[in-house]
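The sequence shown begins at 1283 in my numbering and counts up one residue at a time. The beta carbon of each residue, even a glycine, is placed where N, CA and C say it ideally should be.
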Amino acid sequence: MAALLVLGLLLSQEPITPDDPSSLQRAFNAAIRAGTTKLVIPAGTYRLPVPQGVFSLLVRDAKDLEIDARGAEIVIGDPLKGGLQFFRCRNVKLRGLSIRHDLPPFTQGRIVAIAPDEKSLDVKIHEGYPAPEETWPAAYVFDPKTRLWKAGTIDLSPQRVEPLEKGLFRLHFRGKCGRSVHPVEVGDLLAYRGRGLTDLHLGACSGITVEDVTIRNGGGFCVHEDGGEGGNRYRYRVTYGPKPPGATEAPLLSCNADAFHSSGVRKGPTLEGCLFEGMGDDGIPIHGAYSLIVESREKSWVATDGVLREGDPLRLFNPDGGPAGEGKVVSIRRLQDYSPTEKSRFHGFADFSKQRFVEVVTDPPLAAGFDWQASNPASTGSGFVVRNNVIRNHRARGILIKADDGLIEGNTIEGSTIAGIVLAPELWWREACYSRNVIIRNNTLRRCGMASVGPWTVQAGALSVTSEAKPGAAPGHRNITIENNRFIENDGVNLLLRSVDGALVKGNRFERPAQAPTRRGSAQKIDPAALVWVAQSRNVRFEANQVLDAGAAFAKRVGVGLETLDLAGVETGIK
1283 MAALLVLGLL LSQEPITPDD PSSLQRAFNA AIRAGTTKLV IPAGTYRLPV
1333 PQGVFSLLVR DAKDLEIDAR GAEIVIGDPL KGGLQFFRCR NVKLRGLSIR
1383 HDLPPFTQGR IVAIAPDEKS LDVKIHEGYP APEETWPAAY VFDPKTRLWK
1433 AGTIDLSPQR VEPLEKGLFR LHFRGKCGRS VHPVEVGDLL AYRGRGLTDL
1483 HLGACSGITV EDVTIRNGGG FCVHEDGGEG GNRYRYRVTY GPKPPGATEA
1533 PLLSCNADAF HSSGVRKGPT LEGCLFEGMG DDGIPIHGAY SLIVESREKS
1583 WVATDGVLRE GDPLRLFNPD GGPAGEGKVV SIRRLQDYSP TEKSRFHGFA
1633 DFSKQRFVEV VTDPPLAAGF DWQASNPAST GSGFVVRNNV IRNHRARGIL
1683 IKADDGLIEG NTIEGSTIAG IVLAPELWWR EACYSRNVII RNNTLRRCGM
1733 ASVGPWTVQA GALSVTSEAK PGAAPGHRNI TIENNRFIEN DGVNLLLRSV
1783 DGALVKGNRF ERPAQAPTRR GSAQKIDPAA LVWVAQSRNV RFEANQVLDA
1833 GAAFAKRVGV GLETLDLAGV ETGIK
């Protein structure tokens, strides 16, 4: 009976065949026009033509539609093009689709020489992989035996790339890049991020379900939900692609950037049962944005547009990252031909020519000045659920949260180079905000924070609830619960609490910590010899936590920094 139903759907819809990949777009368009409730994509490989625009396939203004693509794979021929975009869609389910770029949109090779002055290194590109661009945004060092990020190494950003002969390139750096900086050596592998676009994009959508989708050779963000009412649900895989034609080496990366990315969504996503591995950046970031204040008037501000919304709440922050007030947006008025007279110190607002400006009135009126920032907590992805996912062997953070009212539960995070779980605003990157009312429980964090990181970081813990706020600022995070998690073989600080008002740390197990010394966070006045570090925080309670088989670099259970008040259980709550 099920086979007859599928046959009936196939006969009633626009014909789709792998022999004519353009039939996919025609079928999407026809289904949307007809108000179809189910579209079946027959199994097979669809090699998509190069689009004129950004994305290879477009689904716009669809609603109440199921797309059954089990057994179907779309292959993107141009490494600089995106995959499938859903725009202004509601209650759409995508099931079973595989997406990959035909050739990896990144490249890789082996280090064959390091200059005596350590300011250049020579790389032989692996056969079958694309030639590098003239400049690379970042390169990463891999252990040739494990083919994983090499412990202790940092990201490399070459200033110039010099072709030497076919397949051989010299990377030039402003400073040193050799053993005096990190443990890199001839014979190590290098992977290089390329330019690329999102594989599956959700713009201004709500109620979307992505189920049993697989993405390989990802272009940029593998899945990006941007704006909209949200409430989307995800269960999918990001993993390594096949060897490209002529290659003998398997890919070191699965994609250029994040496995998942949520920005500016009003109801947060649910990710459950996902597998993410080998990414060139974060696993699961969820955040909003900041609006920059460029002028203070008698009863209003002038600020950058696109974040604040009439009737929504607002949180205000001074340039040092400290909370400076909360209110409600009463009115917004677009300004024409407005140009700020000062230049922002923040990287994310370096070019005002790309910004529009609005006059903002708040209730109550809030005093502010140039380079203050305001967030909209109604559009940061709050209400998120991240449960029972596996995130492993990738750059940066496994889970990076800047939202409220969320649950992080039952995840296994291994080999995240900077940290496993981070709650932190990043004003310099325009990503908001501090978190409130977040539960982090029953997760396993193993071997996190072992590369791409150093003394400079404020995200120094395998699990970090932190900020870059300067001393004197009030805590920004509130009401955080960290319970029944396992921390396994993490060197340096395992748990960092900085700028937190109200945290319960209960029932966690720290197994085989501090096997080797590290300097992670030391330039931020964080003691890397402490298992737990608390600073600029208050109302933190420790209960029934255990330390098992600590290594030689272990010095203290809890280290306490400046401006920390009302700690309970420091002596009795961690044993």
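Checklist entry - Looking at the C-beta of L1339, does it have a partner C-beta in chain C at a distance below 8 Å? => result Going by chain labels, chain C is absent from the structure shown, which holds only one protein chain.
Checklist entry - Just to confirm, are N1514 and G1570 a CB contact at a threshold of 8 Å? => result Along the sequence shown, read from residue 1 onward, the residue named residue 1514 stands at position 232. Along the sequence shown, read from residue 1 onward, the residue named residue 1570 stands at position 288. Not a contact, by the Cβ cut-off of 8 Å.
Item to check | Complete runs of the beta strand (DSSP E) confined to the stretch 1308 to 1394 [at least 3 residues] | outcome: 1320 to 1322, 1326 to 1330, 1337 to 1342, 1345 to 1350, 1354 to 1358, 1364 to 1369, 1372 to 1377 and 1380 to 1383
Checklist entry - First and last residue of the beta strand (DSSP E) that includes G1680? => result Residue numbering aside, residue 1680 sits at position 398 when the sequence shown is read from its first letter. Element bounds for G1680: R1679 to I1683.
Checklist entry - Can you pull the DSSP bridge partners for S1635? => result The count along the sequence shown starts at 1 and reaches residue 1635 at position 353. Looking at the DSSP assignment, S1635 forms no beta bridge with any residue, so it has no partner.
Next on the checklist: Does the stretch 1804 to 1820 come into contact with the stretch 1771 to 1783, if we say contact requires no fewer than three beta-carbon pairs (one atom in each stretch) closer than 8 Å?
Outcome noted: Cβ pair count under 8 Å is three or more, so yes.
Checklist entry - Among residues of its own chain, excluding the 5 on either side of F1634, which ones have a beta-carbon nearer than 6 Å to its beta-carbon? => result Numbered from its first residue, the sequence shown carries residue 1634 at position 352. The answer, listed in chain order, is P1622.
Next on the checklist: I'd like to know if the stretch 1697 to 1705 and the stretch 1648 to 1655 are in contact, where contact means that at least 3 CB-CB pairs between them fall below 8 Å.
Outcome noted: These segments do not touch.
Item to check | Distance between D1563 and A1397 (C-alpha atoms, nearest Å) | outcome: Mapped onto the sequence shown, residue 1397 falls at position 115. Mapped onto the sequence shown, residue 1563 falls at position 281. Distance between the alpha carbons of A1397 and D1563 is about 28 Å.
Checklist entry - First and last residue of the beta strand (DSSP E) that includes F1599? => result Walking along the sequence shown from the start, residue 1599 turns up at place 317. P1595 to F1599 is the extent of the beta strand (DSSP E) around F1599.
Checklist entry - Measuring CB to CB, does L1330 end up less than 8 Å from P1303? => result On the sequence shown, residue 1330 is found 48 positions in, with the first residue counted as 1. On the sequence shown, residue 1303 is found 21 positions in, with the first residue counted as 1. The answer is yes: Cβ separation under 8 Å.
Item to check | Segment contact flag, the stretch 1376 to 1388 with the stretch 1488 to 1501, C-beta cutoff 8 Å, min 3 pairs | outcome: yes
Item to check | Bridge-paired residues (DSSP) for I1808 | outcome: Residue 1808 sits at position 526 when you count from the first residue of the sequence shown. Looking at the DSSP assignment, I1808 forms no beta bridge with any residue, so it has no partner.
Item to check | As assigned by DSSP and simplified to three states, the class of A1817 | outcome: Within the sequence shown, residue 1817 is the residue found at index 535, counting from 1. In the three-state DSSP reduction, A1817 falls in the strand class (E or B).
Checklist entry - Expressed to the nearest angstrom, what Euclidean distance is found between the alpha-carbon atoms of V1720 and R1519? => result For the purposes of this step, residue 1720 is taken as the residue at position 438 of the sequence shown. For the purposes of this step, residue 1519 is taken as the residue at position 237 of the sequence shown. Distance between the alpha carbons of V1720 and R1519 is about 25 Å.
Item to check | Any 3 or more C-beta pairs closer than 8 Å across the stretch 1666 to 1676 and the stretch 1588 to 1601 | outcome: Contact fails: fewer than three Cβ-Cβ distances are below 8 Å.
Item to check | Residue closest to I1856, alpha-carbon to alpha-carbon, out of L1813, A1834, G1833 and G1449 | outcome: On the sequence shown, position 574 is the one that residue 1856 refers to. Check the Cα spacing between I1856 and each of L1813, A1834, G1833 and G1449: the tightest is with L1813.
Next on the checklist: Since P1387 and G1476 should fall inside the 8 Å C-beta cutoff, what is the C-beta to C-beta distance between them, to a whole number of angstroms?
Outcome noted: Working through the sequence shown from its first residue, we reach residue 1387 at position 105. Working through the sequence shown from its first residue, we reach residue 1476 at position 194. P1387 to G1476, Cβ: 5 Å. Contact.
Item to check | Three-state secondary structure assigned by DSSP to P1659 | outcome: Stepping through the sequence shown from its first residue, residue 1659 is reached at position 377. It is helical.
Checklist entry - Taking contact to mean at least 3 C-beta pairs separated by less than 8 Å, is the stretch 1628 to 1646 in contact with the stretch 1550 to 1557? => result no
Item to check | Top-ranked residue by Cα proximity to G1469, from P1440, L1403, T1480 and K1458 | outcome: In the sequence shown, counting from the first residue as 1, residue 1469 sits at position 187. G1469 has its Cα closest to that of L1403, out of P1440, L1403, T1480 and K1458.
Next on the checklist: Assuming E1447 is part of the beta strand (DSSP E), what are its boundary residues?
Outcome noted: Locating residue 1447 in the sequence shown gives position 165, counting from the first residue. Looking at the DSSP string, the run of the beta strand (DSSP E) that includes E1447 is R1442 to E1447.
Checklist entry - Under a Cβ-count criterion, where at least 16 other Cβ atoms within 10 Å of its own Cβ denotes burial, should K1625 be classed as buried or exposed? => result Taking the first residue of the sequence shown as position 1, residue 1625 is located at position 343. Label assigned to K1625: exposed.
Next on the checklist: For the beta strand (DSSP E) containing D1602, name the first residue and the last one.
Outcome noted: As a first step, residue 1602 must be located in the sequence shown, where it is residue number 320. Premise fails: D1602 is in no beta strand (DSSP E) and is neither H nor E.
Item to check | Three-pair Cβ contact test at 8 Å for the stretch 1325 to 1341 versus the stretch 1432 to 1444 | outcome: By the C-beta criterion, the stretch 1325 to 1341 is judged not to be in contact with the stretch 1432 to 1444, since fewer than 3 inter-stretch pairs fall below 8 Å.
Next on the checklist: Taking the beta carbon of V1394 as the centre, do at least 16 other beta carbons fall within 10 Å, making it buried, or is it exposed?
Outcome noted: Counting from 1 along the sequence shown, the entry for residue 1394 is found at position 112. Exposed, since its Cβ has fewer than 16 Cβ neighbours within 10 Å.
Checklist entry - Looking only at its own chain, which residues have a Cβ that is under 6 Å from the Cβ of A1313, when we skip the five neighbours before and after it? => result On the sequence shown, position 31 is the one that residue 1313 refers to. Around A1313: L1321.
Checklist entry - From this set, D1508, K1448, I1407 and R1372, which residue's C-alpha is nearest Y1474's C-alpha? => result Taking the first residue of the sequence shown as 1, we reach residue 1474 at position 192. I1407 is the residue among D1508, K1448, I1407 and R1372 whose C-alpha sits nearest the C-alpha of Y1474.
Checklist entry - Touch check for the stretch 1789 to 1804 and the stretch 1756 to 1776: three-plus C-beta pairs under 8 Å? => result Contact holds: three or more Cβ-Cβ distances are below 8 Å.
Item to check | Spatial distance of A1541 from Y1516 (CA atoms) | outcome: Locating residue 1541 in the sequence shown gives position 259, counting from the first residue. Locating residue 1516 in the sequence shown gives position 234, counting from the first residue. A1541 and Y1516: Cα-Cα distance of roughly 12 Å.
Checklist entry - For H1238, is the classification buried or exposed, using 16 other Cβ atoms within 10 angstroms of its Cβ as the cut-off for buried? => result Residue 1238 lies beyond the residue range present for the chain, which begins at 1283 and ends at 1857; the question has no answer from this structure.
Checklist entry - Which of the three DSSP states, helix, strand or coil, is assigned to G1500? => result The residue labelled residue 1500 in the question sits at position 218 within the sequence shown. Of the three classes helix, strand and coil, the one that applies to G1500 here is strand, per DSSP.
Checklist entry - From the DSSP output, which residues share a beta bridge with F1451? => result Within the sequence shown, numbered from 1, the residue matching residue 1451 stands at position 169. BP columns for F1451 point to V1405 and P1445.
Checklist entry - What residue from G1457, G1478, R1674 and K1432 has the CA that sits closest to T1521's CA? => result The residue labelled residue 1521 in the question sits at position 239 within the sequence shown. From the listed residues G1457, G1478, R1674 and K1432, the smallest Cα separation to T1521 is found for R1674.
Item to check | Three-state secondary structure assigned by DSSP to W1654 | outcome: Position 372 of the sequence shown, counted from the start, is the residue given in the question as residue 1654. It is a strand residue.
Item to check | Candidates Q1828, I1614 and V1466, of which the one nearest R1392 by Cα | outcome: On the sequence shown, residue 1392 is found 110 positions in, with the first residue counted as 1. The shortest Cα separation from R1392 among Q1828, I1614 and V1466 belongs to V1466.
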